[in-house]
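Colleague:
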Amino acid sequence: MLEIRNLHARVDGKDILRGLTLSVNAGEVHALMGPNGSGKSTLAYLIAGRAGYERTDGEILYQGRDLLAMNVEERAREGVFLGFQYPVEIPGVSALTFLKSSVNAVRKHRGLAEYDAMEFLKVVREKAKQLDMPDGLLQRPVNVGFSGGEKKRHEIFQMALLEPTLALLDETDSGLDIDALRVVASGINRLRDPSRAILVITHYQRLLDYVVPDRIHVMAQGRLVKSGDKTLAAELEKTGYAGLGAAA
Amino acid sequence: MAAKVETLETVDSVTGDYKYGFVTDIESEMAPRGLGEDTVRFISEKKREPGWLLEWRLRAYRAWTKMSAPEWANVHYPPIDYQDIYYYAAPKKKGGPKSLDEVDPELLRTYERLGIPIREREALAGIAVDAVFDSVSVATTFRGKLAEMGVIFSSMSEAVHEQPELVRKYLGSVVPYSDNFDATLNSAVFSDGTFVYVPPGVRCPMELSTYFRINAAKTGQFERTLIIADAGSYVSYLEGCTAPMRDENQLHAAVVELVALDDAEIKYSTVQNWYPGDKNGKGGIYNFVTKRGACRGRNSKISWTQVETGSAITWKYPSCILQGDNSVGEFYSVAVTNNRQQADTGTKMIHIGRNTRSRIISKGISTGHGQNTYRGLVRVLAGAEGAHNYTQCDSLLIGDKCGAHTVPYIEVKNPTARVEHEATTSKISDDQLFYCRQRGLNAEDSVTLIVNGFCRQVLQQLPMEFAVEAQKLLGVSLEGSVG
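If you read the protein sequences in the order shown, they are chains W and F.
Residue numbers for the first sequence follow the numbering used here, beginning at 1 and rising by one.
Residue numbers for the second sequence follow the numbering used here, beginning at 249 and rising by one.
1. Closest to W/Val212 by C-alpha separation, out of W/Arg190, W/Arg223, W/Gly222, W/Ala220, would be which residue?
2. My parser needs the beta strand (DSSP E) runs of 3 or more residues fully inside the region 157 to 183 of chain W; what are they?
3. In whole angstroms, what is the alpha-carbon distance linking F/Ile609 and F/Gln640?
4. Mind listing the chain F neighbours of W/Phe157? Cutoff is C-beta to C-beta under 7 Å, in chain order.
5. Spell out whether any CB of chain W is found under 9 Å from the CB atom of F/Ala715.
6. Could you run through the region 81 to 97 of chain W and flag, in chain order, every residue whose CB is less than 9 Å away from some CB of chain F?
7. Taking 9 Å as the cut-off, decide whether the C-beta atoms of F/Leu506 and F/Ile333 are in contact.
8. Let me make sure I understand the geometry here. Which of F/Arg687, F/Leu710, F/Leu681, F/Ala477 has the alpha-carbon closest to that of F/Thr696?
9. Would you verify that the beta carbon of W/Gly187 is, or is not, closer than 9 Å to some beta carbon of chain F?
10. Have a look at W/Leu67 and F/Glu717 and give me their C-alpha separation to the nearest angstrom.
11. Using 8 Å as the cut-off, can you tell me whether the region 51 to 68 of chain W makes contact with the region 8 to 22 of chain W, which would need three or more C-beta pairs spanning the two stretches below that distance?
12. Is W/Ala49 close to chain F, meaning its C-beta is less than 9 Å from at least one C-beta of that chain?
13. Is it right to say F/Asp592 is buried, meaning 16 or more other beta carbons lie within 10 angstroms of its own, or is it exposed?
14. Thinking C-alpha only, which one of W/Glu163, W/Leu2, W/Ser23, W/Ala26 is nearest W/Arg65?
15. For a cutoff of 9 Å on Cβ pairs, would you count F/Gly343 as touching chain W?
16. Please state if the CB of W/Leu43 and the CB of W/Leu61 are separated by a distance shorter than 9 Å.
17. Closer than 8 Å to a non-hydrogen atom of the ligand COA - does that hold for the CB of F/Gly488?
18. Just to make sure I have the definition right: I need the residues of chain F whose C-beta is within less than 8 Å of the C-beta of W/Arg77. Which are they?
19. Can F/His636 and F/Val660 be called in contact, C-beta distance under 9 Å?
20. Shortest alpha-carbon distance to F/Gly284 belongs to which of F/Leu644, F/Gly529, F/Thr313, F/Ile646?
21. Would you give the residue range spanned by the alpha helix (DSSP H) that W/Ala44 belongs to?
22. Specify the secondary structure class of F/Met454 as computed by DSSP and reduced to three states.
23. What do you get for W/Thr231, buried or exposed, if any count of 16 or more other CB atoms within 10 angstroms of its CB means buried?
24. For F/Thr664, does the three-state DSSP call read helix, strand or coil?
25. Check the Cβ of F/Ile533 against every Cβ in chain W and list those closer than 7 Å, keeping chain order.
26. Tell me, to the nearest whole angstrom, how far the beta carbon of F/Gly572 is from that of F/Gly545; I am working on the premise that it is less than 8 Å.
27. Return the residue from the list F/Met454, F/Phe429, F/Ser435 that minimises the CA-CA distance to F/Met397.
28. Counting only the same chain and skipping the five closest in sequence on each side, list residues whose C-beta sits under 6 Å from that of F/Arg605.
29. Candidates F/Leu433, F/Phe470, F/Leu474, F/Val423: which alpha carbon is nearest F/Tyr445's?
30. What beta strand (DSSP E) runs, 3 residues minimum, are completely inside the region 551 to 627 of chain F?
31. Considering F/Pro412, what are the terminal residues of the alpha helix (DSSP H) in which it resides?
32. For F/Thr654, write down the residues that DSSP places opposite it in a beta bridge.
33. Could you spell out the range, first to last residue, of the beta strand (DSSP E) harbouring F/Cys641?
34. Assuming F/Val706 and F/Leu722 form a contact by the criterion Cβ under 8 Å, report the distance between their Cβ atoms to the nearest whole angstrom.
35. Of the residues that make up the region 60 to 75 of chain W, which ones have a beta carbon closer than 7 Å to any beta carbon in chain F?
36. When the Cα atoms are used, what is the spatial distance from F/Ile400 to F/Pro447?
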């Protein structure tokens with residue numbers, strides 16, 4: 001699904017990724033951990049296609065294709081989803097309108113009929129029920145006045161609607177209290193699927209108590225320094241990043 | 249929701265050429281080129297006007313010869329040669345058409361191409377369309393039904409003959425013939441327009457709508473609209489415009505006068521989409537319009553809503569004179585300038601009566617080399633005890649070659665008045681664009697979505713059908729603003 005080979009990248013003239021190699025298969029959930037500044041978010045933005053993130057060497061293959069040759073919206077329509085660490089406000093545009101535009105853009109690309117207003121409302125209500133998403137949130141302008149927890153739940157909700165093949169969740173657990181964390185985690189678990197790869201970027205192992213990953217990778221200074229199964233989280237808990245030689 | 253989809257589809261489908269740019273070949277009956285007392289007499293005679301109206305026109309003409317074009321607005325254009333303009337053109341036709349069947353089929357086809365199927369609108373939308381083609385009304389619908397309720401909805405020319413007392417009483421009573429350069433010119437040479445009278449206590453059962461269209465080459469368009477809402481009545485009026493592509497600048501100097509008596513309400517909505525000129529600023533309409541409403545009665549209300557996306561230059565300040573105690577004036581505006589477009593627009597709220605209230609919401613969007621100025625006056629006179637104004641001016645910039653300017657004038661002569669003014673200037677952030685695109689929208693659709701959100705407070709004031717049209721227009725007008 002996702003095949004990253006010897007990736008080097010630079011932001012604002014600064015080398016951030018220095019030879020990162022990682023592969024995630026369909027049906028797997030991987031967790032990417034590491035201290036601040038290790039390059040986790042840079043990797044997510046590079047995969048999603050944010051301007052200013054420049055690959056200097058190596059490659060990213062997505063379903064066997066050169067991902068970096070596609071523009072931002074093409075990647076999204078091909079099933080790459082980024083759950084934002086800091087979701088962006090769009091004043092005056094209701095979440096519902098935003099979601100419908102988004103879902104229809106993706107459906108159109110996949111050769112599916114676009115939803116009309118009534119159909120979409122039905123789909124949304126269904127999903128909202130499954131994910132325990134308060135209805136009122138979707139009537140409000142995108143992320144405007146949302147609490148930290150609401151923003152993250154909204155991201156997970158978008159992911160559920162868009163049904164991506166590759167989901168990147170960038171610190172989706174940051175700033176959540178334990179109840180919100182549980183809700184977000186159960187949203188992610190619900191989306192585990194044999195056809196879907198999920199890469200969870202997180203600072204802390206506490207999310208991994210709820211979303212149990214198939215693999216855990218520890219990143220430092222732009223590359224992976226250690227990979228292992230779910231037991232690696234417990235080890236990290238004891239030793240910290242420093243114990244793994246992964247201090248920033 | 250549906251509107252959104254349509255907006256996006258429209259953006260997809262438009263290739264950057266002005267969508268409504270074509271010319272209909274209909275023989276015009278023209279006044280000789282240029283302006284003099286003869287021209288004024290020619291127009292008045294053509295319309296078989298009574299003596300008092302000719303005299304009024306001539307007074308205006310004489311006043312106009314002593315005036316000069318205003319220079320204070322933040323717009324720039326070469327001087328207009330007023331002697332090089334045709335002041336009157338009418339589609340050739342003997343007698344007025346009684347129904348659509350009598351209308352020149354070529355005209356009807358023009359409307360079809362503009363997406364204004366009159367028949368469909370009659371049947372489906374419940375809108376009465378008084379279609380102004382060039383300068384003379386050629387199709388008027390639903391008049392029978394309106395007449396049953398006592399609502400008069402006719403062309404100005406007809407009203408001059410059929411409602412002489414009303415016209416004589418109110419014409420020029422809000423915008424006097426000597427008001428300003430362009431309004432005075434209009435008073436001298438106005439060709440036609442719309443007249444509406446809603447009798448006491450009547451709530452007009454449908455949105456009244458007129459589609460204006462400038463056609464014959466080098467014909468200035470001088471519309472004159474007069475709407476009177478008698479005591480306790482309500483009327484909503486929609487004005488929408490498109491124009492064919494032209495190389496030469498065309499002058500449009502319209503005058504709109506509204507009068508609301510006790511407890512009456514007038515809602516006036518405009519979607520203006522005249523040819524803005526090409527990417528280099530060649531061609532395009534000069535839209536120099538005087539719009540003013542008088543809240544004469546107690547508890548009366550006048551609400552202006554405008555979406556201005558067209559014209560090379562827009563110069564207009566739909567205003568409210570709040571005479572009656574407790575009267576309310578509102579101004580909701582979206583103005584878009586792209587490429588070389590210039591807009592200097594805003595409003596005037598004149599508080600005269602006690603407890604008068606006004607609300608101004610202005611959204612200016614600039615992209616390309618567009619220049620967008622909000623200019624607004626809030627004046628509270630000494631007798632306006634307890635007056636209250638709220639003003640919000642927001643500017644949105646897309647790109648770095650455009651400009652936004654805010655010029656508020658506030659004059660308060662009563663110590664009990666409250667006047668609030670808020671203004672913001674923002675840009676569409678890279679973060680917003682990236683967020684939308686990461687969700688599958690292309691860059692242009694993302695901008696359209698963000699801009700529609702920015703304008704929401706204004707768009708939601710529009711009647712449903714108009715809101716749809718306005719959203720489409722925003723998408724089309726922003727064409728080429730990113731990438």
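The C-beta atom is built at its ideal place from N, Cα and C for all residues, glycine as well.
Modeller: Based on what the coordinates show:
1. The residue from W/Arg190, W/Arg223, W/Gly222, W/Ala220 with its alpha-carbon nearest to that of W/Val212 is W/Arg190.
2. Note on the region 157 to 183 of chain W: whole beta strand (DSSP E) runs with a minimum of 3 residues are 166 to 170, in chain order.
3. Those two C-alpha atoms are separated by around 5 Å.
4. Result: empty, since nearest Cβ-Cβ is about 12 Å, beyond 7 Å.
5. By this cut-off, F/Ala715 is not an interface position.
6. Of all residues in the region 81 to 97 of chain W, the ones placed with a Cβ closer than 9 Å to any Cβ belonging to chain F are Phe81, Leu82, Phe84, Tyr86, Pro87, Val88, Glu89, Ile90, Pro91, Gly92, Val93, Ser94, Leu96, Thr97, in chain order.
7. It is not a contact, given that the beta carbons lie outside the stated cut-off.
8. Of F/Arg687, F/Leu710, F/Leu681, F/Ala477, the residue nearest in Cα terms is F/Leu681.
9. False, the Cβ-Cβ gap to chain F never drops below 9 Å.
10. Going from the Cα of W/Leu67 to the Cα of F/Glu717 covers about 38 Å.
11. Yes, the region 51 to 68 of chain W is in contact with the region 8 to 22 of chain W.
12. Checking the sequence, you will find Gly at residue 49 of chain W rather than Ala. For W/Gly49, the nearest CB of chain F lies under 9 Å from its own CB, placing it at the interface with that chain.
13. That one is buried.
14. With distances taken between Cα atoms, W/Arg65 lies closest to W/Leu2.
15. Because F/Gly343 sits at a pLDDT of 45, beneath the cut-off of 50, its placement in the model cannot be relied upon, and the point is left open.
16. No, these two residues do not count as a Cβ contact at 9 Å.
17. Inclusion of the ligand COA in the displayed structure is not the case, the ligand content being empty and no account of it being possible.
18. Against W/Arg77, the close residues of chain F are Gly688, in the order they occur along the chain (beta-carbon pairs closer than 8 Å).
19. No.
20. Considering only F/Leu644, F/Gly529, F/Thr313, F/Ile646, the residue with the shortest C-alpha distance to F/Gly284 is F/Thr313.
21. Counting along the chain, the alpha helix (DSSP H) containing W/Ala44 begins and ends at 40 to 48.
22. F/Met454: coil per DSSP, three-state reduction.
23. Classification of W/Thr231: exposed, given that the 10 Å Cβ count is below 16.
24. Three-state DSSP puts F/Thr664 in coil, outside helix and strand.
25. Within chain W, no residue comes near F/Ile533; the closest Cβ sits about 29 Å away, beyond 7 Å.
26. About 5 Å; that satisfies the 8 Å criterion.
27. Nearest option by C-alpha distance: F/Met454.
28. Result list for F/Arg605: Val576, His636, in chain order.
29. Looking only at F/Leu433, F/Phe470, F/Leu474, F/Val423, the smallest Cα-Cα distance to F/Tyr445 is reached by F/Leu474.
30. 561 to 564, 567 to 570, 576 to 585, 590 to 599, 605 to 614, all fully within the region 551 to 627 of chain F.
31. Counting along the chain, F/Pro412 sits inside the alpha helix (DSSP H) bounded by residues 412 to 418.
32. The beta-bridge partner set that DSSP reports for F/Thr654 consists of F/Tyr622.
33. DSSP places F/Cys641 inside the beta strand (DSSP E), whose first and last residues are 636 to 645.
34. Not really, about 11 Å apart at Cβ, beyond 8 Å.
35. Those would be Val72, Glu73, in chain order.
36. Looking at the two C-alpha atoms, the distance is approximately 9 Å.
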